[in-house]
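For the sequence shown, my numbering begins at 148 and goes up steadily by one. Cβ atoms here follow ideal geometry from the backbone N, Cα and C, with glycine treated the same way. Input: a single structure, listed below in structure tokens.
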Amino acid sequence: MQDYVEGMTYRRLLDQRRAQGFGFSETEIRQLLVQLLPVLGHIHSKGIIHRDITPDNIILREADRLPVLIDFGVVKELATRFQSPASVFPATIGQNTTVGKVGYAPPEQMQTGRAYASSDLYSLAVTAVVMLTGREPQELFDDASLTWYWQRWASASPGFAQVLNKMLNYRPGDRYQTAGEVMQALQAPMSMPQPQVPPPAYPAPPDSRIPTMAVGHQPE
148 MQDYVEGMTY RRLLDQRRAQ GFGFSETEIR QLLVQLLPVL GHIHSKGIIH RDITPDNIIL
208 READRLPVLI DFGVVKELAT RFQSPASVFP ATIGQNTTVG KVGYAPPEQM QTGRAYASSD
268 LYSLAVTAVV MLTGREPQEL FDDASLTWYW QRWASASPGF AQVLNKMLNY RPGDRYQTAG
328 EVMQALQAPM SMPQPQVPPP AYPAPPDSRI PTMAVGHQPE
């Protein structure tokens, strides 16, 4: 049984922002990640992969204004299959169950049904860039090059963009492998916006006011 959470989904919040002509800021998305990553780290440590992280499945809880990950229906479905007497090889069935939302679920999950901790991190990063840009995954991902081109639609510091792009890698092995690794990357100095420091302005040397004398041979 799942508890009822009073609040608004991030999909609805995003729709409101779109209607006003802007999306979420880097500061807001960074805070969202920092608040959700420990939750993912906890469920992953229990051997649970959510498999369906999208703006629709994150609620901004009204009571404390904290994001809450909801809809563990996929997890419950897989658990039921694991426990079913008809499942001769439940582990294999669980690994090869194709679930997740197109555009948000990583390729390995959609193509083979396999999902890892890094698969949830991929979906979380897609959610982040969708909320940063106000655009859907299909508008941000190039199928030909298998590359995300979200940065043209959003303003993000180089370090933060680097973290998100690593989470969005096509190959699972090229992503962060744990939520803790992402947390460390977000807290590293390189992921913080770098201030633009102008070069020091040195004053130009003042014009010389010393009178000059011509020195030469005087005619006799």
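Spatial neighbours of residue i within its chain, please: CB distance less than 8 angstroms, with the 5 preceding and 5 following residues excluded, ordered by chain position.
i	result
residue 181	330 and 333
residue 214	157, 179, 182, 183, 205, 206, 207 and 208
Can you tell me where the beta strand (DSSP E) with residue i in it begins and where it stops?
i	result
residue 208	205-208
Please say whether residue j and residue i have beta carbons closer to each other than 9 angstroms?
i	j	result
residue 170	residue 183	no
residue 271	residue 187	yes
residue 158	residue 199	no
residue 295	residue 279	no
residue 258	residue 266	no
residue 250	residue 219	no
residue 306	residue 336	yes
residue 373	residue 262	Absent from the model: residue 373. The displayed extent of the chain is 148 to 367, so no value can be given.
residue 177	residue 281	no
residue 291	residue 298	no
residue 125	residue 173	For residue 125 there is no data in the structure shown, the boundaries of the chain being 148 and 367.
According to DSSP, simplified to helix, strand and coil, what is residue i?
i	result
residue 289	strand
residue 215	strand
residue 194	coil
residue 295	strand
residue 175	helix
residue 334	helix
residue 187	helix
residue 182	helix
residue 318	coil
residue 162	helix
residue 283	coil
residue 326	helix
residue 167	helix
By the DSSP assignment, the alpha helix (DSSP H) with residue i in it spans what residues?
i	result
residue 259	254-259
residue 274	264-280
residue 154	From DSSP, residue 154 is part of no alpha helix (DSSP H) but of the beta strand (DSSP E) over 154-156.
residue 306	305-314
Report back the beta-carbon spacing between residue i and residue j to the nearest angstrom; my notes put them in contact at under 8 angstroms.
i	j	result
residue 274	residue 206	Not a contact, Cβ separation roughly 13 angstroms.
residue 254	residue 317	6 angstroms
residue 153	residue 212	Contact doesn't hold; Cβ gap of about 12 angstroms is too wide.
residue 191	residue 264	4 angstroms
Any heavy atom of the ligand NAD closer than 8 angstroms to the CB of residue i?
i	result
residue 293	Judged by which ligands are present, the structure shown has none, so any question about the ligand NAD falls away.
Leaving aside the five residues before and after residue i along the sequence, list all residues of the same chain whose C-beta is less than 6 angstroms from its C-beta, in chain order.
i	result
residue 326	184, 187 and 188
residue 248	201
residue 286	none
residue 163	none
residue 277	none
Report all residues from its chain with a CB closer than 7 angstroms to the CB of residue i; omit the five preceding and five following residues, and keep chain order.
i	result
residue 310	329, 332, 333 and 338
residue 269	253, 314, 315 and 322
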